[in-house]
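In full-length UniProt numbering, the protein residues as written are 1 to 151.
Built from N, CA and C at the ideal position, the CB exists for glycine as well.
Every value quoted in this text rests on a predicted model; they were computed, and no experiment measured them.
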């Protein structure tokens with residue numbers, strides 16, 4: 001794995017104490033870290049979910065961008081729409097440690113996702129039942145044909 005780049009903040013203060021360095025990422029580093037393509041990262045940037053610093057044509061991603069990408073990818077895995085992910089990220093940006101409004105909205109989204117999944121599970125169960133019935137009819141007809149051919 002590539003060595004993390006460190007970006008120096010400002011010159012050290014006159015007291016001689018050093019300011020902490022901020023971790024930055026290239027698009028390639030983030031894509032390897034999250035196992036996504038650079039194109040995916042650029043798409044999320046275009047959608048307003050990521051906002052890297054620009055230096056000419058180079059994108060410089062900070063820790064905030066890494067967290068946002070992590071939240072975005074997690075949201076996609078859970079079946080969230082980009083609009084829902086954007087809403088959660090905006091709530092996170094407004095109150096990083098969480099607040100009642102943010103948590104309540106997250107519970108609402110999760111409840112809706114759970115209901116959607118339950119409906120899909122029921123649809124799958126019904127489709128399996130229909131497939132079982134068709135399979136049973138096919139086997140029955142095939143059995144009759146085999147008996148007819150024997151006699």
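Asked: Residues bridged to residue 61 [DSSP beta-bridge criterion]; Found: 25
Asked: Pick from 33, 49, 29 and 99 that is closest to residue 58, judged by C-alpha positions; Found: 29
Asked: Proximal residues to residue 37 (C-beta, below 7 angstroms), its chain only, five neighbours per side dropped; Found: 31
Asked: Rounded separation between residue 118 and residue 111 - CA only; Found: 11 angstroms
Asked: As assigned by DSSP and simplified to three states, the class of residue 53; Found: strand
Asked: Member of 60, 48, 68 and 23 whose CA lies at the smallest distance from the CA of residue 34; Found: 68
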